[in-house]
Amino acid sequence: NVRVDMLQYRSSDRLVIAATHGRGLYSSNVFVAPALRTSGSTLLGGNGNGVLDPNECNRFNLTLANDGGVAATSATGVLSTSTPGMTVVQANSSYGTIPGNGSANNATEFRLSSANTLACGSAVNLSLQVSYGAGQSATLPLTLDVGAPVFGLDQNFDGLTVPALPAGWTTSATGTPPP
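Those letters in the sequence shown? Residues 1130 to 1308, per this note's numbering, in order.
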């Protein structure tokens, strides 16, 4: 038996510290649980531009990070969507063990299919239901934008004579001019 003179819980990192009489100082993170979040994704296939477009079939890889101090063991994910015009064709994948303060990629690529009615500029809402350990789970929402980014540039070139530019525009050239 060892006498404990001080027992303290530090909430900032969920660490329990015990000071004994003559036996030293001990710490444990027994209360730390896995804390999963999405940390990156890659969209492959379709027309090859890496962007979700209408009327495409894509492969989707989703990285999960574990910000907790202990591993999320035997992690599996089921991807779903609530967005009309979007279908998750391959919804299930394993993540294996996601180490504490580490990350893991899905072992089987998710597959997404978009209808031609999916509007450019809209958002696709996805949800990954992750199960791990002994009955633990987490729901991770994510959003993908449809179509290439739209830039708000608007300029009227009507009424200009070539090579004139609209007011406020400038021109520059580098290299050797053509003969």
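For glycine and all other residues, C-beta sits at the position ideal for the given N, C-alpha and C.
What are the partner residues of residue 1138, as DSSP defines its beta bridges? Here residue 1138 is taken as the residue at index 9 of the sequence shown, counted from 1. Residue 1138 pairs with 1145.
When you compare the CB positions of residue 1235 and residue 1197, do they come within less than 9 Å of one another, or not? Here residue 1235 is taken as the residue at index 106 of the sequence shown, counted from 1. Here residue 1197 is taken as the residue at index 68 of the sequence shown, counted from 1. Between residue 1235 and residue 1197, the C-beta spacing is not below 9 Å.
Give me the DSSP bridge partner(s) of residue 1178. For the purposes of this step, residue 1178 is identified with residue 49 of the sequence shown, where counting begins at 1. Residue 1178 pairs with nothing; no bridge assigned.
Taking just the CA atoms, how far does residue 1211 sit from residue 1158? Position 29 of the sequence shown, counted from the first residue, corresponds to residue 1158. Position 82 of the sequence shown, counted from the first residue, corresponds to residue 1211. Distance between the alpha carbons of residue 1158 and residue 1211: 38 Å.
So what's residue 1289 in DSSP terms, helix, strand or just coil? Reading the sequence shown from its first residue, position 160 is the one you call residue 1289. In the structure shown, the three-state DSSP call for residue 1289 is coil.
Less than 9 Å between the beta carbons of residue 1167 and residue 1271, yes or no? The residue labelled residue 1167 in the question sits at position 38 within the sequence shown. The residue labelled residue 1271 in the question sits at position 142 within the sequence shown. Contact: yes.
Along the chain, where does the beta strand (DSSP E) containing residue 1081 start, and where does it finish? Look at the range of the chain in this structure, 1130 to 1308, and you will see that residue 1081 is not part of it.
Nearest-angstrom beta carbon gap, residue 1185 and residue 1256 [assumed within contact, 8 Å]: Mapped onto the sequence shown, residue 1256 falls at position 127. Mapped onto the sequence shown, residue 1185 falls at position 56. In fact, because the Cβ distance is near 20 Å, the residues do not count as touching under 8 Å.
Quick check: the Cα distance between residue 1230 and residue 1180, rounded to an integer number of angstroms? Taking the sequence shown and counting its residues from 1, one reaches residue 1230 at position 101. Taking the sequence shown and counting its residues from 1, one reaches residue 1180 at position 51. When the Cα atoms are used, residue 1230 and residue 1180 turn out to be separated by approximately 29 Å.
Based on Cα-Cα distance, which residue from 1214, 1221, 1254, 1219 lies nearest to residue 1245? The residue given as residue 1245 occupies position 116 in the sequence shown. Cα-wise, what sits closest to residue 1245 is 1214.
Quick check on DSSP: helix, strand or coil for residue 1169? To locate residue 1169, count along the sequence shown from 1; it is residue 40. Of the three classes helix, strand and coil, the one that applies to residue 1169 here is strand, per DSSP.
Which same chain residues, not among the five before or five after residue 1199, have their C-beta less than 8 Å away from its C-beta? Locating residue 1199 in the sequence shown gives position 70, where the first residue counts as 1. 1158, 1161, 1162, 1163, 1229, listed in sequence order.
Our contact map puts residue 1227 next to residue 1195 with C-beta atoms below 8 Å; I'd like the distance itself, whole angstroms only. Position 98 of the sequence shown holds residue 1227. Position 66 of the sequence shown holds residue 1195. Here residue 1227 really is in contact with residue 1195; their C-beta atoms are around 4 Å apart, less than 8 Å.
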